[in-house]
Amino acid sequence: MNNKTNKNKGLGRGLSSLIADVSGLADTEVSSDSIMADRSGYRSEPIINIFPNPEQPRRTFSDEGLRELSKSIQERGIVQPLIVRKKSNADGFEIVAGERRWRAAQLAQLDALPVIVKDFSDNEVLEIAIIENIQREELNPIEEARGYQQLMEKFGRTQEQVSTALGKSRSYVANLLRLLNLPDEVIGYLVSGQISAGHAKVLVSSDEAIKISRLIISDNLSVRETEKLVRSLNQLDSKTFSQKLKKTILKQKDTDTKAMEKELSAALGLRVFIEHSAGGENGNIILKYKTLEEFDRVRDLLIGED
Numbered sequence: 005m006n007n008k009t010n011k012n013k014g015l016g017r018g019l020s021s022l023i024a025d026v027s028g029l030a031d032t033e034v035s036s037d038s039i040m041a042d043r044s045g046y047r048s049e050p051i052i053n054i055f056p057n058p059e060q061p062r063r064t065f066s067d068e069g070l071r072e073l074s075k076s077i078q079e080r081g082i083v084q085p086l087i088v089r090k091k092s093n094a095d096g097f098e099i100v101a102g103e104r105r106w107r108a109a110q111l112a113q114l115d116a117l118p119v120i121v122k123d124f125s126d127n128e129v130l131e132i133a134i135i136e137n138i139q140r141e142e143l144n145p146i147e148e149a150r151g152y153q154q155l156m157e158k159f160g161r162t163q164e165q166v167s168t169a170l171g172k173s174r175s176y177v178a179n180l181l182r183l184l185n186l187p188d189e190v191i192g193y194l195v196s197g198q199i200s201a202g203h204a205k206v207l208v209s210s211d212e213a214i215k216i217s218r219l220i221i222s223d224n225l226s227v228r229e230t231e232k233l234v235r236s237l238n239q240l241d242s243k244t245f246s247q248k249l250k251k252t253i254l255k256q257k258d259t260d261t262k263a264m265e266k267e268l269s270a271a272l273g274l275r276v277f278i279e280h281s282a283g284g285e286n287g288n289i290i291l292k293y294k295t296l297e298e299f300d301r302v303r304d305l306l307i308g309e310d
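Counting in my numbering, the sequence shown runs from 5 upward without gaps.
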């Protein structure tokens, strides 16, 4: 089958149809009594004859997760068969869905696996792999968004098609896709869990997403606090915006600075504020007086008069 035919076949089938096809097969439970009899559409295949899809978009698998699944397989066996297709230029079978089970089965040292053999084109195999990855529970928001983006860019799927087929609202898909417009640094914070998806969605509307994301991390800002900050900044012109953001950053103080303010305030008998410049070594010490008597006392202390 040539590439053009494969492409047309992959784009011709509906996304919902692909999901229903693979999900329905994958939900088949394996019976130990019938695994060799091929009575339920699946068969037992030596594990050495089963190979991963070289175009699998998922490149990393959690070692801990694989060990847990391997232990479960040792105790219960493979509950759901793998979906495979015949390799085009060699003997054996290529995994369409279930590579994680295949990897865990190798750790469990199984000799054979239950499989269901289906005829899928190259494009269908890739699309199914992306769908399978999107449906993983441990997926972070950026991985999920990139999965939706792949379905749309590689296969011409619309947001409406993707959301309907995967059981998501269109706004949910659209909002996740917007996260891909964030600066790389902010995306890194989101992937590592330093900020939440809620924070990230707020930052999409800000031109100062990097600076604000750093504030979220350093000051443990809630999503609501972040919304309030971004809303107030977005209402300002560019010059005032920069000044207010700088002032906001200056206000963020570490424990040592707060302790020093308290120490100086106690020694001088009036309020003391310390403002460090962002990323620098300079800053300001502000002394607050309430009466002229307090002002005179501070003046005398500073110039050494009795």
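All residues carry an ideal CB built from backbone N, CA and C; glycine is no exception. Bear in mind the structure is a predicted one, so any value in this text is a computation, not a measurement.
Three-way DSSP call (helix, strand, coil) for G287 in this model = strand
message = In whole angstroms, give me the CA-to-CA distance for E33 and S196.
response = Any reading at E33 must be qualified, since the residue scores a pLDDT of 47, below 50, and its modelled position is unreliable; no value is offered.
message = Using a Cβ-Cβ cutoff of less than 8 Å, which residues in the same chain neighbour S173 once the five nearest sequence positions on both sides are dropped?
response = S167
query = Straight-line CA distance for K158 to E136?
reply = 16 Å
key: Beta-carbon contacts of P145 that lie in its chain and below 8 Å, excluding the five residues immediately before and after   = L180, L183, L194, A201, A204
Per-residue DSSP class, three states only, for S121 = Sequence check: residue 121 is Val here, not Ser. If DSSP states are grouped into helix, strand and coil, V121 belongs with the strands.
ask   = Cα-Cα, which of T230, I199, N224, R71 is closest to S210?
value = T230
task = Would you identify the three-state DSSP class for K215, choosing helix, strand or coil?
result = helix
query = How big is the Cα-Cα spacing for I134 and G160?
reply = 14 Å
task = Please determine, among S92, V88, G96, L305, the residue with the shortest C-alpha to C-alpha distance to R105.
result = V88
message = What residue range does the alpha helix (DSSP H) around K75 cover?
response = From DSSP, the alpha helix (DSSP H) with K75 extends over 67-80.
message = If you follow the alpha helix (DSSP H) that R89 is in, where does it begin and where does it stop?
response = Run containing R89: none in the alpha helix (DSSP H); it sits in the beta strand (DSSP E), 86-90.
request  = Kindly indicate which three-state DSSP category K292 falls into: helix, strand or coil?
outcome  = In this structure, K292 counts as strand in the three-state DSSP scheme.
query = Could one say the Cβ of E212 lies closer than 8 Å to chain B's Cβ atoms, at least one of them?
reply = Here chain B cannot be found, since the structure has a single protein chain.
task = Tell whether a beta-carbon distance below 8 Å holds between R71 and L111.
result = yes
ask   = Where does Q154 land, buried or exposed, given buried means 16+ other C-beta within 10 angstroms?
value = buried
inquiry  = For D96, count the other beta carbons within 10 Å of its own beta carbon; 16 or more makes it buried, fewer makes it exposed. Which is it?
reply    = Per the sequence shown, the amino acid found at residue 96 is Gly instead of Asp. Under this definition G96 is an exposed residue.
request  = Could you tell me whether the Cβ atoms of K90 and V129 are closer together than 8 Å?
outcome  = no
Beta-bridge partners of F277, as assigned by DSSP = DSSP lists I290 as partners of F277.
key: Segment limits, beta strand (DSSP E) that includes A101   = 97-101
query = Using DSSP with H/G/I as helix, E/B as strand and the rest coil, what is E311?
reply = With the chain covering 5 to 310 only, the question about residue 311 has no answer from this structure.
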